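Data first, discussion second: the structure below is written as structure tokens.
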Amino acid sequence: MLSRHQNDLITQTGPGTPGGRLLRSYWQPIATSEEMAPGAAPLPVRVMSEDLVLFRDPAGDLGLIGLFCPHRGTDLSYGRVENGGLRCLYHGWLFDRHGGCLEQPAERAGSGFKDKIRHPAYPVVEKGGVIWTYMGEGAAPLIPDFAFLTAPAEKRMAFRVIQECNWVQGLESSVDPAHTSFLHRMSGGDNRFFRESTNPELEVERTSFGTRMHSLRIMPGGERYLRITNYLYPNGTTPVGGEAPPVQGYQGRWYVPMDDVTHCRFEFFYQHGGTLDKDALRRIRAENVGPDRRHIRRADNRYLQDRDEMMRDDTFCGMGRYIPAQDAFAIETQGRIQDRTKEHLGTTDIAIIEMRKALLDAIARMEQGHEAPGLLRDPAANRFPDFICTADYLRDGEDGPGYCRRMLGATKEAAE
Ligand code: FES
Ligand SMILES: [Fe+2]
């Protein structure tokens, strides 16, 4: 349970809020590269309660500037891309990607008024199939070089979906290993790990990049099945599926507030073994997410719940087999901003408790004048030798941390 003040601290991210200052200290993904292919229309994006427009200028360079024209407020995402920038349709003011006003064609020639206009602008870079921005104060840190962002393009793919609730609810669902045995329980296949062992033993360890979570399931046949997932400071995670070992890949996720009641979930699919079937991923996505980047199953249609499907035990929730939509149901129905003064946390919530503590500690330290935690500034330090994300069987007598020591030792030896 959190106090109302603590709940406000972690859920509010608008300009000037402590939580917003924390998230603004890191690069944040705002759109996929696919959305901004050369020639794409300017894209309105809302990030931490700021309305912005992402566009490619005529040279092909990306810019991110305020959505509303500083003249009299018209939406610039409808504008014309020409003459070195983005031109407002109302009176023709022209802006470059740095927020400079290049032309005011209705003003008197040589008035100099345009030079007094500074429109908000933020830096943008492309990495890992998405476009990132830095909205913080001072020098930007580095974007972490996790493998799911830096691997060859054929091994990774990124999507985003909009969810109708506060970003912390999304993040919490991704650091909650216990819910997979219920919300995501389905007939068939590798789902047996979740179906046949419903009360995993959980353990968390602090790491250089956040928190490593171990969830150990003792299977009816006696196998000890361990999943290792991670919380990445401050709003990322790396979930892994319920596959039988050897696991070939995992996902990276980022939960980015659009405002305090809506967020974008970015998914980075990563396959380190074999090849990533991008066509299959696209097909599944198209079946489950509409052109408005929202799940087809949503509150308006009661997530298309089919109680016959539920009663047949095809799925536990009766909401189809697409896991992200099942998660969306769980987090959106907690309310647009969950009231955490009314919850009752159990022993399976230790990773959530740890993650909230990390956020609250970071906010408190920043309020005391310290820098946000884990900011990367040295390219030589932008590597994560203690990162593991997988599912595997433990050896006799081994526990989760012991497994990690064994695997990390093997990685180190291979590198030497
Ligand atoms: S409102 Fe944009 S140029 Fe006038
Ligand atoms: Fe989930």
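Numbering (the numbering used here), first residue to last: 3 to 418. Cβ atoms here follow ideal geometry from the backbone N, Cα and C, with glycine treated the same way. All values derive from a computational prediction rather than experimental measurement.
Given that a residue counts as buried once 16 or more other Cβ atoms are within 10 Å of its Cβ, and exposed if not, what is residue 117?
Label assigned to residue 117: exposed.
Find out if the Cβ-Cβ distance for the pair residue 135, residue 256 is shorter than 9 Å.
No, the pair does not count as a contact, with Cβ atoms beyond the cut-off.
Given a cut-off of 9 Å, decide if residue 166 and residue 264 are closer than it, judged by their beta-carbon atoms.
In contact: residue 264 and residue 166 (Cβ atoms closer than 9 Å).
If you draw a straight line from the C-alpha of residue 204 to the C-alpha of residue 313, how long is it?
Straight-line Cα distance between these residues: approximately 30 Å.
Mapping DSSP to helix, strand and coil, what is residue 152?
In this structure, residue 152 counts as helix in the three-state DSSP scheme.
Quick one: is residue 270 buried, meaning 16 or more other Cβ sit within 10 Å of its Cβ, or exposed?
Residue 270 comes out buried.
Helix, strand or coil for residue 366 per DSSP?
Three-state DSSP puts residue 366 in a helix.
Check each residue's C-beta against every heavy atom of ligand 1 and list, in chain order, those closer than 5 Å.
In chain order, the qualifying residues are 71, 73, 74, 76, 90, 92, 93 and 95.
Using the C-alpha atoms, what's the distance from residue 87 back to residue 161?
For residue 161 and residue 87, the distance between alpha carbons rounds to 27 Å.
Judging by CA-CA distance, which residue of 82, 90, 57 and 59 is the nearest neighbour of residue 70?
When each option's Cα is compared against that of residue 70, the closest is 90.
Give me the residue from 356, 33 and 287 with the minimum Cα distance to residue 45.
Looking at the Cα atoms, 33 is the closest of the given residues.
Any idea if residue 170 is buried or exposed, counting beta-carbon neighbours within 10 angstroms, 16 or more meaning buried?
Buried.
If I follow the unbroken alpha helix (DSSP H) through residue 50, where does it start and stop?
Run containing residue 50: none; DSSP gives neither H nor E here.
Using a Cβ-based criterion (distance less than 8 Å to any ligand heavy atom), does residue 332 qualify as near ligand 2?
Correct: residue 332 has its Cβ closer than 8 Å to ligand 2.
Quick one: residues in its chain with C-beta nearer than 7 Å to the C-beta of residue 388, no 5 flanking neighbours on either side, listed in chain order?
Here the set comprises 209, 210 and 410.
Using only the alpha-carbon positions, how far apart do residue 111 and residue 105 sit?
One C-alpha to the other measures close to 10 Å.
Cβ of residue 133 versus every heavy atom of ligand 2: is any distance shorter than 8 Å?
It does not: the Cβ of residue 133 is nowhere closer than 8 Å to a heavy atom of ligand 2.
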